[in-house]
Amino acid sequence: DREARVQEFFLNAAEQLPAQKFLLGGIGWDTKPLPMNVNNLGHVYTAHHNAFNCTPRMVLNISRASMARYGFSPATRVFEAAGAAACLITDAWEGIETFFEPWEEILVARDGSEVSAYLQNVDATRAHKIGDAAYRRALAEHTYAHRAAQFDGILEGAFA
């Protein structure tokens, strides 16, 4: 289902905004026809994720349909983007507000038209503010140390 979601959220937005440039990271797109304004980078190695997330004005994360359907389970890419202070656009899924505040720390899109609207209406200054807010929230609530403390609390409660 990932191809269909990339088509909807990313490629449709690129087609709607031919004057803007888009970077596509990921495998499987070498043989697919892409809009002229899309630069296909291929696989982005983990060591390069931070640089990739810091490069554009906005970064798009697309969840698998099954993950979006069940919600409350952001991909690690969401936190990587926040850790890079990237202005992140994510597809809509239940529970996103538990992790990041929509419109303040993250942008939520239901389809490619909403992605296009963000790209047209959110300037670099606003995108920077959103990315900074996501970064601060990630450091305040979403580090491995936070998760370890939460897990420890769960275990203590279970065995008390």
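According to the working numbering, the sequence shown holds residues 2 to 161 in order.
For every residue, glycine included, the Cβ atom is placed at its ideal position computed from N, Cα and C.
Keep in mind the model is a prediction, meaning the values are calculated, not measured.
Give the DSSP-derived three-state secondary structure of I28 in the structure shown. coil
Answer with buried or exposed for I155, where buried requires no fewer than 16 other C-beta atoms within 10 angstroms of its C-beta. exposed
For A110, name the three-state secondary structure that DSSP assigns. strand
Measure how close the beta-carbons of A66 and D124 come, nearest whole angstrom, since I'm counting them as under 8 angstroms. So it is not a contact: roughly 31 angstroms between Cβ atoms.
Given a threshold of 16 other Cβ atoms within 10 Å of its Cβ, counted over all protein chains shown, does E106 qualify as buried or as exposed? buried
Candidates E98, Y46, G26, T144: which alpha carbon is nearest V39's? G26
I'd like the list of long-range same chain contacts for E81, defined as Cβ closer than 8 angstroms, with 5 residues on each side in sequence excluded. H50, N51, N54
Do you know whose CA, among H44, V45, L61, A48, lies nearest L15's CA? One point to set straight first is that residue 15 is Ala, not Leu, in the sequence displayed. With distances taken between Cα atoms, A15 lies closest to L61.
Roughly how many whole angstroms lie between the Cα atoms of Y119 and R58? 11 angstroms
Reduced DSSP category for L18 - H, G, I as helix; E, B as strand; rest coil: coil
In the structure shown, what three-state DSSP assignment does F23 receive? strand
How far does the alpha helix (DSSP H) with V7 in it reach, from first residue to last? 3-7
Using a Cβ-Cβ cut-off of 8 angstroms (strictly less than) and excluding sequence neighbours within five positions of D31, which residues of its own chain qualify? N41, G43
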